[in-house]
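Participant:
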Amino acid sequence: MYKNLKNTDVFKKRVLVRVDLNIPIGDNLKIDKSEIWRLEAIIPTLKYLIKQKSKIILISHLGRPKEKKLSLKSVCNSLSKLLRKKISFSETLNVKKTIELMNFGDILLLENIRFDSREEKNSDSLAKELADLADIFVNEAFSVSHREHASIVGIPKYLDSCIGFLFEKEIDELNKVLKNFKRPLVAIIGGNKISTKIKVINKFLNISDKVLIGGALANTIFYSQGVDMSDSLVEKIDFNIDLDNKKLFLPQDFGIWDNNVVKYSDKVQGKALDIGPKSIDLFCSAIKSAKTIVWNGPLGLYTQKPFDKSSLEITKAIIKSKAYSVVGGGDTVEFLRKIKKDKKFNHISTGGGAMLNYLANERLAGLDAL
Ligand code: ADP
Ligand code: 3PG
Ligand code: MG
Numbered sequence: 326m327y328k329n330l331k332n333t334d335v336f337k338k339r340v341l342v343r344v345d346l347n348i349p350i351g352d353n354l355k356i357d358k359s360e361i362w363r364l365e366a367i368i369p370t371l372k373y374l375i376k377q378k379s380k381i382i383l384i385s386h387l388g389r390p391k392e393k394k395l396s397l398k399s400v401c402n403s404l405s406k407l408l409r410k411k412i413s414f415s416e417t418l419n420v421k422k423t424i425e426l427m428n429f430g431d432i433l434l435l436e437n438i439r440f441d442s443r444e445e446k447n448s449d450s451l452a453k454e455l456a457d458l459a460d461i462f463v464n465e466a467f468s469v470s471h472r473e474h475a476s477i478v479g480i481p482k483y484l485d486s487c488i489g490f491l492f493e494k495e496i497d498e499l500n501k502v503l504k505n506f507k508r509p510l511v512a513i514i515g516g517n518k519i520s521t522k523i524k525v526i527n528k529f530l531n532i533s534d535k536v537l538i539g540g541a542l543a544n545t546i547f548y549s550q551g552v553d554m555s556d557s558l559v560e561k562i563d564f565n566i567d568l569d570n571k572k573l574f575l576p577q578d579f580g581i582w583d584n585n586v587v588k589y590s591d592k593v594q595g596k597a598l599d600i601g602p603k604s605i606d607l608f609c610s611a612i613k614s615a616k617t618i619v620w621n622g623p624l625g626l627y628t629q630k631p632f633d634k635s636s637l638e639i640t641k642a643i644i645k646s647k648a649y650s651v652v653g654g655g656d657t658v659e660f661l662r663k664i665k666k667d668k669k670f671n672h673i674s675t676g677g678g679a680m681l682n683y684l685a686n687e688r689l690a691g692l693d694a695l
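Throughout, the numbering used here is defined as the position within the sequence shown, counted from one, plus 325.
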C-alpha cells in the first residue's frame, strides 16, 4: 500500500504538495463560484498541514501553456479566500531563502509549473530542484497522476513521499467500483482530450458491457475511418480500436453548427458539436439497463447552447437509472455543478483522464512512482 498523510511525519517539516488547481479561467481571469470545487477538494489536506505546523509549498499546473499561458495568480487569490488564510505567491523557483523565512503553517504557491518546459519532459533536473526545497513530498494531484511529468513522477525519486487525503479517497472510491461492481457496466466517454482517452477505450471494451462514445472523441474515430467530418474538432492520431466490437456504441447522428444555423443530421457539413437525437436515444436506452455507470467527458460542446443537449439528457437518464454512478473530469463535473446535478451521483471524481486510466489499468504513473 501507499504511504498516506496520516502515517507521515510532517510536524514542522517543509512539505512540498503537488495539487491540481487546474480550473476553468475566463478571458477576464474571473473565477466563477461553481468552478472552485477542485480547490475545495484539497482543503482538508491543507488544514491538516497547517495544524501540523508544516511549511507548505504548493505546486500546480494550470491549462496547457502551449494553448494559453495562464498564471496561477488569480487561483492563488481564490484558494486564499476559500481557506481564509494568506497564501504567498512566487513567480520563480528560487525560493529557498523565502521558505527559510516562512513561519510554520505558512503557505507558498509556486507559479504554473508548466511554464517550465522541463515539467512535461519529466526532467530530472527540475525534479531535483523542487525536491531540494522540502523534506517531504505529498502527491494530492490524483487528477494529473496519469501524466509522467517531473512534479508527479520525478520528485518522489528524491524525497520521502506520500499521498494526500483527496488522493486516498479517490483511490478508495474507485477500488470499490473495481472490486465489486454490478453488471451491466456501461462506460460513457466523451470530451476533447482525445489522445489520453482513446488509449483506454480498448481496456473499457474488455471490462465493460457497453462503451458509449461521444464528443470530439467520436469525431476523431469517424475521421480515422475516412468519414468526412468537415470542420469538426478531430485529432489526427494513430490508434487501433476494433470498431466492429458489439460493445462499442458510436453516435449515429450529430448536432451541427453550419453557417450560423443548428442542424441535426448523420452527415456533417460545418462542425459536429454534439451527438444528435437518434444517438441520444441509443445511449439512453443503454443507460436504462445499466447497474454501474462510469462517465467522463461531455458528449458535446456543453458551454454553447443547444450543444449541451446530449449531456443534459444523458445526465437525466443516469439519475433515473438508479445505477451506481461514478463521474469525473474537470469539464464534466463543472457541467454537472452548473445544472446542480453533481450531488445525484455516487462518486464525483476530480480526475477525468486519471479516473479512466486508473479504472482501466488499476495503476497510475504517479502512484507507481511512490
Ligand atoms: P473532462 O475535463 O471532463 O475530462 P475533456 O477536457 O476531455 O473533459 O473535454 C471537455 C471539452 O470538450 C469541453 O470544452 C467541451 O466543450 C469539449 N467538447 C465536447 N464535445 C465537443 C465537440 N463535439 N466539439 C468540440 N468540443 C467538444
Ligand atoms: C485535468 O484537468 O484533467 C488535469 O488537470 C490534467 O490536465 P492535462 O490533461 O492538461 O494534463
Ligand atoms: Mg477538461
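By construction, the Cβ of each residue, glycine as well, lies at the ideal position given by its N, Cα and C atoms.
Note that this is a predicted model, so its numbers are computed, not measured.
#1: May I ask whether a heavy atom of the ligand 3PG can be found less than 7 Å away from the beta carbon of G540?
#2: Looking at the structure shown, is Y327 part of a helix, part of a strand, or coil, going by DSSP?
#3: What is the rounded straight-line gap between the Cα of K453 and the Cα of K358?
#4: S379 and K337 look like a contact to me (Cβ under 8 Å); what is the Cβ gap, rounded to whole Å?
#5: By Cβ distance, which residues of its chain are closer than 8 Å to F492, with the 5 residues on each side in sequence left out?
#6: Taking 8 Å as the cut-off, decide whether the C-beta atoms of Y589 and K616 are in contact.
#7: Taking the alpha carbon of N402 as the reference point, which residue from N419, Y373, G551 and I361 has its own alpha carbon closest?
#8: With 16 other CB atoms within 10 Å as the buried threshold, where does K665 fall?
#9: Please find out if some non-hydrogen atom of the ligand SAM comes closer than 7 Å to the beta-carbon of D591.
#10: Considering only C-alpha positions, which residue in the set D599, S610 and E687 is nearest to K535?
#11: For P369, is the beta carbon positioned less than 7 Å from some heavy atom of the ligand ADP?
#12: For F608, which residues does DSSP report across the bridge?
#13: Suppose you measure from the CA of T657 to the CA of K663; what does that come to, to the nearest Å?
#14: Per DSSP, Y649 forms a beta bridge with which residues?
#15: Can you tell me whether K613 is buried or exposed, with buried defined as 16 or more other CB within 10 angstroms of its CB?
#16: Please find out if some non-hydrogen atom of the ligand ADP comes closer than 7 Å to the beta-carbon of D606.
#17: Within the continuous beta strand (DSSP E) that includes G580, where are the two ends?
#18: Which residue comes first and which comes last in the beta strand (DSSP E) that contains I382?
#19: Could you name each continuous beta strand (DSSP E) segment of 3 residues or more that falls completely within the stretch 440-503, going from the start of the chain to the end?
#20: Express the C-alpha separation of F490 and T370 in angstroms, rounding to a whole number.
#21: Do you know how far the Cα of I381 is from the Cα of I375?
#22: Is I514 helix, strand or coil when you go by DSSP?
#23: One question on the structure: do N437 and E473 come within less than 8 Å of each other, judged by their Cβ atoms?
#24: Can you tell me which of the three DSSP states A597 falls into?
#25: Take the Cβ of R439 as the centre, count every other Cβ of all protein chains shown within 10 Å, and call the residue buried at 16 or more, exposed below.
#26: Mapping DSSP to helix, strand and coil, what is V587?
#27: Which residues have their C-beta within less than 5 Å of a heavy atom of the ligand MG, listed in chain order?
#28: Just how far apart, CA to CA, sit G292 and G654?
#29: Between the alpha carbons of Q550 and S635, how many angstroms are there, rounded?
#30: Smallest Cα separation from F429: which of T628, V400 and V340?
#31: Closest to Q594 by C-alpha separation, out of S557, I566, L575 and I605, would be which residue?
#32: For K601, verify whether its CB is less than 7 Å away from any heavy atom of the ligand 3PG.
#33: Going by alpha carbons, who is nearest to S442 out of V420, R389, K669 and D460?
#34: Taking the C-alpha atoms as reference points, what is the distance between W582 and Q629?
Facilitator: In this structure, then:
#1: G540 Cβ: outside cutoff for every heavy atom of the ligand 3PG.
#2: In the structure shown, the three-state DSSP call for Y327 is coil.
#3: Pairing K453 with K358, the inter-Cα distance amounts to about 36 Å.
#4: 7 Å between Cβ atoms; contact.
#5: Closer than 8 Å at Cβ, skipping near neighbours: N464, E465, A466, F467 and S470.
#6: Not in contact: Y589 and K616 (Cβ atoms no closer than 8 Å).
#7: Ranking N419, Y373, G551 and I361 by Cα distance to N402 puts I361 first.
#8: Counting C-beta atoms within 10 angstroms of its own C-beta, K665 has fewer than 16 neighbours from the protein chains shown and is therefore classed as exposed.
#9: You won't find the ligand SAM in this model; what it holds is the ligand ADP, the ligand 3PG and the ligand MG.
#10: Nearest of D599, S610 and E687 to K535, Cα basis: S610.
#11: Between the ligand ADP and the CB of P369, the shortest heavy atom gap is not smaller than 7 Å.
#12: BP columns for F608 are empty, so no partner.
#13: Roughly 10 Å between the two C-alpha positions.
#14: In the DSSP output, where bridge partners are listed per residue, Y649 has T617.
#15: With fewer than 16 Cβ atoms within 10 Å of its Cβ, K613 is classed as exposed.
#16: The answer is no for D606.
#17: Where G580 is concerned, the enclosing beta strand (DSSP E) stretches over F579 to D583.
#18: Element bounds for I382: K380 to I384.
#19: List check, beta strand (DSSP E) in window: 461-464 and 485-488.
#20: Cα to Cα, the separation comes out at about 6 Å.
#21: Each residue's alpha carbon lies about 8 Å from the other.
#22: DSSP, read as helix, strand or coil, puts I514 in strand.
#23: Between N437 and E473, the CB-CB gap reaches or exceeds 8 Å.
#24: A597 falls in the strand class under three-state DSSP.
#25: Per the 10 Å Cβ criterion, buried.
#26: In the three-state DSSP reduction, V587 falls in the strand class (E or B).
#27: For the ligand MG, the residues with a Cβ under 5 Å from any of its heavy atoms are, in chain order, G655 and D656.
#28: The chain is shown only over 326 to 695; residue 292 falls outside these bounds and no answer can be derived.
#29: Rounded to whole angstroms, Q550 to S635 spans 24 Å at the Cα level.
#30: Nearest to F429 by C-alpha distance, out of T628, V400 and V340, is V340.
#31: Nearest option by C-alpha distance: S557.
#32: Checking the sequence, you will find Gly at residue 601 rather than Lys. Not so, every heavy atom of the ligand 3PG lies at least 7 Å from the Cβ.
#33: When C-alpha distances from S442 are compared across V420, R389, K669 and D460, the shortest belongs to R389.
#34: Here the alpha carbons of Q629 and W582 stand approximately 11 Å from one another.
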